[in-house]
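Taking it in order: structure first as structure tokens, then the write-up.
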DNA sequence: CCGATGCATGCAAACGCTTACATTGGTCAC
DNA sequence: GTGACCAATGTAAGCGTTTGCATGCATCGG
């Protein structure tokens, strides 16, 4: 019944030859190859993924592990990766792994997480994994290693695993220094809450770099200028209202740790009757689709490109290129738009 | 070598019993089941997906076909479906099938589309498909049928296939009638471009219903009040600027075919110095995450719930429930927020 | 002209499970 | 007590490929 058998008969060859021809192996004569292809076409034959996987040990399937499915950023990454993998003939299996320490994460959440590791990731359904912004405890890391599958992390912190990440420190320095070089001296920062946010490291790293830049510029840091918020438009909006409404401070610029927060900041400023950038400059990080629309100055981190890059890495590894597991760096770029300018009270340097 | 063998030996039973115990079949004594589970645990054994699929013909994998990966709406749907499927032990394989008639779609795009059908969807990698807003030509529909796999469509038009859709006509009527009942008489409509937009039917259906409602109210339709735009914030923004800047018309309300366009409309109105809802009311469709933030009145179509619902349908079908392939209707609800009010020049009815 | 070399192909053994069918032993009604 | 029946388990035949090894045949250098 094996379907490949029928193709073999129609083409007048053995199943071995059909398999080889369809897999594009070299040792098949052009004539035979054509015959086989025609036979396969006529019968509408397509190799059974399960049988092929079982026999070859390869699935032509890559698992993508995402912490969030409804975030613009991760979807941009997914989109980039998807395209490359599809072109290479790989399917994508999606795994949703919510952050372990998420706000209000109860036992149920932990169990889901555990189940994903125990039950889903280990079925040998994929040849390799792409893990986006994944943070693991030791046990989980051990489990992943036992899978003996290539795994490339994108962002996040995976000690000992092959990871490519954005240089968050450099990015935050660049953003802060951009504002400083425009002449701003009272620069506020909106960041994520390290206790509750997924992805613990990123907000902290960015905040530290911001503080370092401020200090380097010879400016005394003022803790009142730093506010914590959700990584959303609404979070940025609320934080900005608080920043601009606090009589003890008079920021002329805001550095938001994400574009969505920055957009919230712009909207909040408008609602308070402040002009951007005349009264207040705003800069974000990401390169969000909407940044251009809002005229937002940002540090673009090319999320879609990140997806492509990590997919390429995986493909190389699967192709047998022993990719050296160094932590590579992703590109970023300052994109200046209308939301930043010199402050009113200070001449441009 | 078969790993199940080792578990069988450790537990002191046959591989058949191990298989049955791990699959949760009934005819295994509690004692044996426990033994097997312990042995499996100790060895870190997990059933090989490929072998299991080959032997059983079931993959425990559902394919989700999306037209767009970077749209809020589809991701919300995906999120809803993901959760249910994961709970049921199903993996999700993601397929990206860009609309055939997309703006500027060249041969390359057609080839990609064709390849997806020929090469990816037919590998028997999944037990069933969920197709979101999928539009097919006859050939493609035939190919899908040949797969002999359950297929449930969500939105979109799949004649002859099991589909659940929003009643776009009712939704658009509801939106328009809401504005009419507030006393508006000059109501603009922002819709998608049927020539270039994915998902041909939706904008047209909504526009027709809008026109019908207007006419029913005894108001003469004015084609100038209808504008075409991208389904984005930017699209809505630009369209609204044109609507409000046209001296020949004086709309007091705008019905946008999506929340993102509606948000664009609100932003455009503000930029033109018009107050929402005092000078101009705005209503959208979707139930977008940001609708609440912007105070947007909308017809919520509960996208995440849609995902859950379609996933449940698939699960039922896979469980052998012969689900009758009627076109079911999805719920929707008018959510009134700050963006709609009675027009200044007319008393509330 | 001959053995060596190598390409194209066939043969058949895995790959790691599931499941129909067979077997066993115990329960139960009569 | 005994046959019928059922629950629990084992046996073994697939499931549809891939691939190592063997084979056949042609080419080639000497």
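Chains as they are written, first to last, in the numbering used here: chain A, 779 to 1127; chain B, 779 to 1127.
The beta-carbon is built from N, C-alpha and C at its ideal position, and this holds for glycine as well.
Using CA atoms only, rank isn't needed, just tell me which of 802(B), 1067(B) and 906(B) is closest to residue 852(B). 1067(B)
Extract the residue ranges of the beta strand (DSSP E) inside the segment 951 to 1031 of chain A, only unbroken runs of 3 or more that lie entirely within it. 965 to 969 and 1004 to 1006
I'd like to confirm the pairing. Which residues does DSSP put opposite residue 907(B) in its beta bridges? 841(B) and 929(B)
Under 7 Å between the Cβ atoms of residue 731(B) and residue 1109(B)? Not covered by the structure: residue 731(B). The range shown for chain B is 779 to 1127.
Using a Cβ-Cβ cut-off of 7 Å, state whether residue 843(B) counts as contacting chain A. no
Closer than 7 Å to chain A by CB, residue 1128(B): The question about residue 1128(B) has no answer, for chain B in this structure spans 779 to 1127.
So with Cβ pairs under 7 Å, would you call residue 866(A) a contact of chain B? no
Can you tell me whether DSSP reads residue 1034(B) as helix, strand or coil? strand
Taking 7 Å as the threshold (C-beta atoms), are residue 951(B) and residue 987(B) in contact? yes
Looking at C-alpha atoms only, which residue of 788(A), 782(A), 787(A) and 790(A) is the closest neighbour of residue 801(A)? 782(A)
Applying the 10 Å Cβ sphere with the 16-neighbour rule, what's the burial state of residue 1087(B)? buried
Spatial distance of residue 886(A) from residue 992(A) (CA atoms): 43 Å
Looking at the unbroken alpha helix (DSSP H) that takes in residue 782(A), where does it start and where does it end? 781 to 789
Contact defined as beta carbons within less than 8 Å: I believe residue 788(A) pairs with residue 809(A). What is the distance between those atoms, to the nearest angstrom? Actually they do not touch by this definition, with Cβ atoms about 15 Å apart.
With 7 Å as the threshold, decide whether the Cβ of residue 857(A) is near any Cβ in chain B. yes
For a contact defined as C-beta to C-beta under 8 Å, what are the partners of residue 840(A) on chain B? Those within 8 Å of residue 840(A) in chain B number zero; the least Cβ separation is about 10 Å.
Opposing strand residues paired with residue 1129(A) [DSSP bridges]: Since the displayed chain A opens at 779 and closes at 1127, residue 1129(A) lies outside it and no answer follows.
Inter-stretch contact at 8 Å, needing at least 3 Cβ pairs: the segment 1054 to 1073 of chain A / the segment 824 to 836 of chain A: no
Evaluate residue 1127(B) with the Cβ neighbour count: other Cβ atoms within 10 Å of its Cβ, from every protein chain shown; 16 or more gives buried, anything less gives exposed. At residue 1127(B), the pLDDT of 42 sits below 50, so the modelled position is not reliable; the number obtained from the coordinates is stated separately. Flag for residue 1127(B) reads exposed.
Just checking: is the beta-carbon of residue 851(A) within a distance shorter than 7 Å of some beta-carbon in chain B? no
Count the other CB atoms within 10 Å of the CB of residue 865(B); is the residue buried (16 or more) or exposed (fewer)? exposed
Counting pairs of Cβ atoms below 8 Å between the segment 916 to 933 of chain A and the segment 959 to 970 of chain A, do you hit three or more? no
On the criterion of 16 or more Cβ atoms from any shown chain inside 10 Å, does residue 924(A) qualify as buried, or is it exposed? exposed
If you check the beta carbons only, do residue 858(A) and residue 904(A) fall under 7 Å apart? no
For the segment 794 to 823 of chain B, list every residue whose C-beta sits within 8 Å of some C-beta in chain A, in sequence order. 822
Within 10 angstroms of the Cβ of residue 916(B), are there 16 or more other Cβ atoms? Answer buried if so, exposed if not. exposed
So the beta strand (DSSP E) residue 944(A) belongs to, where does it begin and stop? 940 to 944
Under DSSP, the alpha helix (DSSP H) around residue 922(B) begins and ends at which residues? 916 to 924
Can you confirm whether residue 950(A), when its beta carbon is compared against all beta carbons of chain B, has any partner nearer than 7 Å? no
Where residue 1041(B) falls, given that 16 or more other Cβ within 10 Å makes a residue buried: buried
What are the residues in the segment 995 to 1019 of chain A lying within 9 Å of chain B by C-beta distance? 1010, 1011, 1012 and 1015
Measure from the C-beta of residue 785(B) to each C-beta in chain A and report whether the shortest distance is under 7 Å. no
Alpha carbon to alpha carbon, how far is residue 1075(B) from residue 1039(B)? 13 Å
Can you find a CB in chain A that lies within less than 7 Å of the CB of residue 941(B)? no
Against chain A, with Cβ distances strictly below 7 Å, would residue 1075(B) count as a contact? no
Have a look at residue 876(B) and residue 846(B) and give me their C-alpha separation to the nearest angstrom. 6 Å
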